[in-house]
Structures are given as C-alpha cells and as structure tokens.
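So the sequence shown is residues 185 to 686, counted in this note's numbering.
Backbone N, C-alpha and C fix where the C-beta goes; we use that ideal spot for every residue, glycine too.
Structure, as structure tokens:
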Amino acid sequence: MPGRFFVTTPIYYVNDAPHIGHAYTTVTADALARWHRLVGDEVFFLTGTDEHGLKIQRAADANGITPQEQADRTAARFEQAWAELDIRPDRFIRTTDPDHGVSVQAFLQKVKDNGHLYKATYEGLYCVACEAYYRESELVDGNCPIHGTPVEWLSEDNWFFRLSAFEEQLTEYLSSGAVQPEGKRNEALGLVRQGLDDVSITRTSIDWGVPVPWDPGHVFYVWYDALINYATAVGYGTDPERFATWWPHVHHLLAKDILRFHCVYWPAMLLAAGEQPPHRLSVHGYLLVGGEKMSKTRLNQIAPADLVADFGVDGFRYHFLRDTRFGPDGDFSYEALVARYNTDLANNLGNLLARVATVVAKKCDGVGPAPRADSPLAAVAEQVVADARAAWEAVNPAEALEATWRLLREANSLLEAAEPWKAEPGAEVDGVLGDALEVLRIVAVLASPALTRAAGEVWSRIGLPGSPEDQRVPGDVAWGGYPGGLAVEKGPSLFPRIKADG
Ligand code: ME8
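Listed below in structure tokens is the structure:
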C-alpha cells in the first residue's frame with residue numbers, strides 16, 4: 185500500500201543569504217522526497233522562508249529598505265539557490281503568504297480557546313539573532329550560547345503560552361522515539377526535565393508580524409508564527425480535509441540550533457491546539473567551516489553556487505549526502521570534496537560507464553547485451569537494494585550511497601577479473617558486459633535522489649527509454665531488468681577528474 189511522506193526543512197531567515205549549511209538540510213530533504221517517490225509514496229516536500237520579527241526588521245533598516253522588500257529580495261535568492269541545486273519543493277512557503285496569516289490566527293485562537301494562553305508582563309534577556317529569551321544561567325560569558333553575541337534586556341506586555349503545563353505529555357511524547365537520533369532525543373528530554381517556563385508568544389514592540397486577532401497592537405512572536413508554517417502548508421485553518429490527510433505523516437528535518445523550538449515548544453503547541461505532535465523529527469549537527477559554525481559575523485560562509493561552479497550539481501549533492509553524516513557535526517573540507525568526487529563519481533561511476541561503452545562498441549557493435557540470470561552480481565545487487573532502502577528510511581543518506589557504490593565497485597572488480605577488452609567476442613564477453621550494464625541501470629535508479637543529472641544521463645547512454653526517476657523500488661531494480669539489444673553510447677566524460685588544487 186503506498187504511504188505518504190510529508191518532509192519539511194526549517195524556513196530560513198531572510199536577513200541572510202543561503203549558504204551550504206542551509207543547503208545541507210534542504211538537499212537532504214529533497215533527496216529523501218525523491219527516494220520516497222521511488223518507493224511509490226505520495227510525497228509533499230516543503231521549504232521556505234521565515235520573514236517576520238525583529239531580526240528581519242533590523243536587517244531591513246540596516247539596508248535602508250522595508251521589511252517586505254528585504255523579504256522579497258532574500259526569498260528570491262533562496263528560491264534561486266534551490267533551483268540551481270535541483271531542489272524541487274512542492275511548496276516554497278513564505279510567512280508573508282496570505283494563507284499563512286490565516287493559519288497562524290486560527291491555530292493560536294484555538295490554543296487560546298482551549299485555555300492555554302494568559303496575559304502578563306515579561307522582562308528578560310533577549311537574543312535578537314535567535315529571537316529568543318534566555319535565563320541568565322544559560323548565557324555563556326554573559327553572551328548568547330548560540331551566537332556568542334550580547335543579549336538585550338526587554339520588557340513587554342505579552343500573551344503567554346502555558347508551556348509548563350505540558351511537561352508530562354512532552355516527556356511521554358519524547359520517550360516514544362519521534363526524535364532521531366537518540367542523542368538529540370535525550371537532549372530534548374533533558375530540556376523538559378530541567379523544568380519548562382511559560383513562554384511569551386506575542387510582541388507589542390514591533391508591528392512586523394501576524395496581528396493577534398483578539399488584542400489589537402500585538403503581533404505574534406516570530407517563532408510561533410514560523411513553526412505554524414508546517415501546518416499552513418497542508419491546509420490548517422483553510423482546508424481541514426487536506427490537513428487531516430497530510431499531518432499524520434509529517435517529518436521535520438532541522439539542525440540542533442533549533443532543537444528546543446521544534447522538539448519541545450512545537451509539540452506542546454500542537455497538543456494545546458488539540459493536534460497530534462510531529463510524527464518524526466530528524467535533527468542533524470552543524471556543518472563547520474574551519475571548526476566553526478558558519479555565520480555572517482564570522483565571515484566564513486560558503487555559497488552553494490561557488491562549489492557548483494567547480495563540481496556541478498551532482499558533485500555538490502553527492503558530497504554532502506555521502507560525507508556529512510546526518511546527526512553529528514561535520515567539518516566542510518574542499519579537499520574531501522575533491523577526493524570524494526574523483527573516487528566515487530569520476531572513477532567508480534564515470535569510468536565504469538566509459539569502459540563498458542568502449543568495450544560494447546568494440547566487441548558488440550555498440551549494442552548492449554543482456555545480463556546473466558546467474559551473475560555473481562545478482563545477489564550483491566539484491567543486498568545493496570535492501571541496504572539502501574533501510575538506510576534512506578532511517579534518514580541515513582551516507583550509508584544508502586555507500587551501499588549503492590558497493591555495487592559499482594563489485595562491477596568494476598568483475599570487469600577487471602574478466603578483462604573483456606582482451607577476450608574474443610562471444611557469450612562470455614556478452615555476459616560480463618550485460619552484468620555491468622545491469623549494474624549501471626540499477627545504480628542509476630538508486631542514485632537518482634543524489635545525482636539528479638548523471639542518473640538520467642547514464643540511463644539514456646545505456647539505451648533505456650524514459651527516466652530512472654520513473655522507476656519503482658524494489659520491483660524495477662530486481663536483477664535482470666536490462667533487456668539487452670539497446671544502443672550504448674559512450675558520450676563525453678560524465679565526471680572529468682578534478683585536480684586537488686582546483
Ligand atoms: O533558525 N550547519 O532559520 P535559520 C548545518 N528561521 N545546518 C545549518 C547550518 C550549519 N552551519 N547553518 C544553518 C531559523 N543550517 C528559523 C527556523 S523553522 C520554523 C524557523 C540550517 O536561517 C539548519 O537546518 O537560522 C538550521 O536548523 C537552519 O539552517 C537554521 O536556519
């Protein structure tokens with residue numbers, strides 16, 4: 185029975201340009217969406233931008249433009265960056281979209297009607313970069329623990345969400361395993377066990393936000409506006425049937441910087457609104473540059489386009505999916521990117537295709553033979569498909585691609601042992617080449633969530649019609665699907681080798 189998969193990324197702040205940290209989460213979500221389509225799931229992939237709040241207002245002021253202009257300009261940069269990486273969301277949501285305002289008001293009205301909001305004066309230490317209040321004990325050397333920048337004293341009349349009332353339900357929810365990996369789940373549980381303060385969810389000091397329907401002069405605090413985007417996009421407050429269809433399948437991806445908002449506040453808000461807390465939350469670490477998190481203040485940001493210029497879209501996507509394990513922090517290294525590209529893409533995949541096409545031209549008049557039913561690679565392929573499936577399902581693209589490349593390495597070994605280029609044309613040569621072509625077919629399908637361009641190129645060069653993305657896993661990747669009798673074309677090098685010094 186086909187399932188449903190609703191995958192989200194955080195919606196990114198529009199004060200800053202997209203960098204490879206944002207791209208990491210978004211490429212991962214895109215690859216997962218593509219994988220789930222391959223297995224026949226109905227998929228909805230959501231990303232977008234977070235456009236309200238003090239941080240955006242100040243960025244606009246600094247640039248001498250209105251917050252709406254700031255949002256329009258930067259949202260366009262994110263949309264363009266994602267298009268350039270073949271990231272294809274089903275919706276790019278902006279929190280200034282009209283339907284989002286409707287959802288936010290409906291959602292928080294519901295929370296209020298359910299008795300979980302009250303009004304009081306709030307004073308506290310505030311980090312504008314996080315858009316969050318901190319306790320004094322949470323500061324590091326008196327600064328924000330995330331940004332290392334000074335906090336400010338703010339005092340306001342606010343509406344509060346009775347978060348403290350949800351400790352028990354949150355502990356139960358978090359213990360159920362919705363948050364992955366385990367270390368991040370324990371971090372969330374730890375936050376709840378420390379005790380939860382009620383949180384202020386409105387502001388009067390700014391007007392760049394969604395108005396509070398029951399109290400003129402108040403706007404919702406940006407985080408409570410932002411989190412609700414996940415519900416807006418599937419029709420909360422506008423299309424109840426659609427919301428009921430998709431919400432039970434939601435799977436949030438995010439980095440650990442916003443774990444508290446997603447794994448503690450958001451589930452509590454959903455419970456308060458009478459909705460199910462998120463089905464799954466997968467939390468990854470930071471992509472570090474020179475050992476530090478990328479940030480505007482540290483001037484260590486890398487734009488995706490800079491790397492795409494050297495490595496192509498496939499090189500970019502493959503590297504981040506294959507080398508940055510989902511969960512722990514990972515250091516970005518240009519050298520590692522070059523090494524991965526040359527080994528996996530230029531050698532294992534590119535050379536296999538070039539070699540097979542060359543020998544098919546010489547020994548088989550350019551017509552690809554069919555694989556052998558009793559090939560030694562058949563069992564390897566079956567195991568690889570099973571391993572790749574399990575790894576994608578567990579949000580572990582690195583392992584899924586590692587498994588997929590095992591099949592390529594086995595095919596290369598088979599060719600090296602059989603040396604069909606030295607043999608006389610005949611059944612033996614046909615069998616080995618047919619096996620290698622079948623491996624290329626299967627890998628084109630399994631790798632298509634990562635290699636959005638090369639997968640299709642391999643597919644058409646071995647003479648197959650249509651696209652690897654239209655295949656279904658596991659049925660269409662069972663051994664023996666390459667029919668033989670198709671024209672095989674060598675074409676230009678798929679992944680020209682790159683020298684380490686660029
Ligand atoms: O927090 N390593 O937006 P944001 C890995 N608007 N991932 C990184 C990263 C890095 N160095 N830098 C950024 C916000 N990311 C809010 C979210 S959601 C309702 C509101 C990615 O622009 C990662 O996914 O600061 C992280 O969680 C997100 O960008 C933060 O993006």
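Query: Distance cut-off 7 Å: H236 Cβ against heavy atoms of the ligand ME8; Result: no
Query: Nonlocal neighbours in the same chain, by C-beta distance under 6 Å from E622, ignoring five residues either side; Result: P555 and Y666
Query: Expected contact under 8 Å - CB spacing of D234 and V198 to nearest Å; Result: 7 Å
Query: C447 beta carbon less than 8 Å from that of A372; Result: yes
Query: The stretch 353 to 373 touching the stretch 411 to 418, judged by at least three CB pairs closer than 8 Å; Result: no
Query: The ligand ME8 heavy atom lying under 7 Å from the CB of P194; Result: yes
Query: Distance, Y196 Cα to R261 Cα; Result: 11 Å
Query: Spatial distance of G469 from T210 (CA atoms); Result: 14 Å
Query: Contact the stretch 264 to 278 vs the stretch 210 to 227: 3+ CB pairs below 8 Å; Result: yes
Query: 7 Å Cβ shell around G474 - same chain, five flanking residues per side excluded; Result: N484
Query: beta-carbon M478 near the ligand ME8 non-hydrogen atom, thresh 7 Å; Result: yes
Query: Residue span of the alpha helix (DSSP H) that contains R464, given as start and end; Result: Element bounds for R464: not the alpha helix (DSSP H) but the beta strand (DSSP E), R464 to H468.
Query: For G232, three-class secondary structure by DSSP; Result: strand
Query: The stretch 321 to 340 / the stretch 375 to 382 touching (three or more Cβ pairs under 8 Å); Result: no
Query: N298 classed as buried or exposed, judged by whether at least 16 other C-beta atoms fall within 10 angstroms; Result: exposed
Query: In DSSP terms, what A439 is bridged to; Result: H468
Query: Rounded C-alpha distance that separates T212 from D281; Result: 25 Å
Query: From K239, E268, T636 and L292, residue whose alpha carbon lies closest to that of A456; Result: L292
Query: Secondary structure of T388, DSSP reduced to three states; Result: coil
Query: Inter-stretch contact at 8 Å, needing at least 3 Cβ pairs: the stretch 573 to 588 / the stretch 637 to 655; Result: no
Query: Residue(s) in a DSSP beta bridge with A671; Result: V551
Query: Distance, P400 Cα to K296 Cα; Result: 15 Å
Query: Beta-carbon separation (whole angstroms), Y357 vs P451, contact threshold 8 Å; Result: 6 Å
Query: Three-way DSSP call (helix, strand, coil) for P400 in this model; Result: coil
Query: Supposed close pair A538, S677 - CB separation, criterion 8 Å; Result: 7 Å
Query: DSSP bridge partner residues for F344 (one or two, in chain order); Result: Y302 and S384
Query: Check whether P462 and V434 have beta carbons under 8 Å apart; Result: yes
Query: C-alpha gap between N532 and N596, whole angstroms; Result: 7 Å
Query: L485 in three-state terms, based on DSSP; Result: For clarity, residue 485 is Gln in the given sequence; the question names Leu instead. Q485 falls in the coil class under three-state DSSP.
Query: Nearest candidate by alpha-carbon position, reference L301, set W589, F345, P553 and R218; Result: F345
Query: Simplified DSSP state of A631, which is helix, strand or coil; Result: coil
Query: Neighbour-count burial assignment, D409, 16 or more Cβ in a 10 Å radius; Result: buried
Query: In chain order, each alpha helix (DSSP H) run of at least 4 residues that lies wholly inside the stretch 214 to 302; Result: 238 to 247, 251 to 268 and 282 to 297
Query: Coil, strand or helix - I204 by DSSP; Result: helix
Query: Inter-stretch contact (C-beta, 8 Å, three-pair minimum) for the stretch 514 to 531 and the stretch 545 to 562; Result: no
Query: Span separating the alpha-carbon of D441 from that of H331; Result: 10 Å
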